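In our numbering, the protein residues as written are 712 to 879. Idealized CB from N, CA, C, for every residue including glycine. Since the model is a prediction, treat every value here as computed from it, not as a measurement. Notes follow the structure.
Okay, here's the thing in structure tokens:
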């Protein structure tokens, strides 16, 4: 399955109408809005948030992080934030997903990667509790497979953790 951003948006839209925000997949939340929002105060858990359509701004203290279609936000700690959906309308609603990061799986993968890095490799980027990035197009495929897996509840407990690890 090869999916682009518009295909990901269509899957989020379809599954939103089936499940709403909370999906049966552990740690997978969907977001949809037809209008810009006022302040949304919440605690972000360690997660990977992808915007497929529209845009959002998250404030951590005084620092703002804007992310729009084709971008993602990584939260690496539990963080109290204030967010606003800034681009949404009935014809093109804000569509996003959030996937909790399994910190144990992440630690395992980082440990394995550290063992394979050659001496003199480039240093890791500075730690940031929130970071926005351009979504790697290769991630659309496993994200789409995870969303499609919601149509197969019997397979969810076995395959969702594997796809989640692939995404990490």
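Asked                                                                                                                                                 : Found
How far does the beta strand (DSSP E) with residue 746 in it reach, from first residue to last?                                                       : It is not in any beta strand (DSSP E) - residue 746 carries neither H nor E in the DSSP assignment.
Nearest-angstrom Cα distance between residue 768 and residue 775?                                                                                     : 6 Å
Rounded to a whole number of angstroms, what is the C-alpha to C-alpha distance between residue 818 and residue 838?                                  : 15 Å
So, residue 763 versus residue 777, is the Cβ gap smaller than 8 Å?                                                                                   : no
Of the choices 756, 729, 725 and 783, whose alpha-carbon is the least far from that of residue 842?                                                   : 783
Skipping 5 residues on each side, what residues in its chain have a beta carbon closer than 6 Å to that of residue 682?                               : Limits of the chain in this structure are 712 at one end and 879 at the other, which puts residue 682 out of reach.
Taking residue 763 as part of the beta strand (DSSP E), name the residues at either end of that continuous run.                                       : 758–764
Sort out for me which residues DSSP pairs residue 769 with in a bridge.                                                                               : 776 and 794
Please report the residue range of the beta strand (DSSP E) in which residue 838 lies.                                                                : Premise fails: residue 838 is in no beta strand (DSSP E) and is neither H nor E.
Could you round the C-beta distance between residue 860 and residue 854 to whole angstroms and report it? I think they count as a contact, below 8 Å. : Wrong, their Cβ atoms sit about 11 Å apart, outside the cutoff.
I'd like to know whether the C-beta atoms of residue 792 and residue 806 end up nearer to each other than 8 Å.                                        : no
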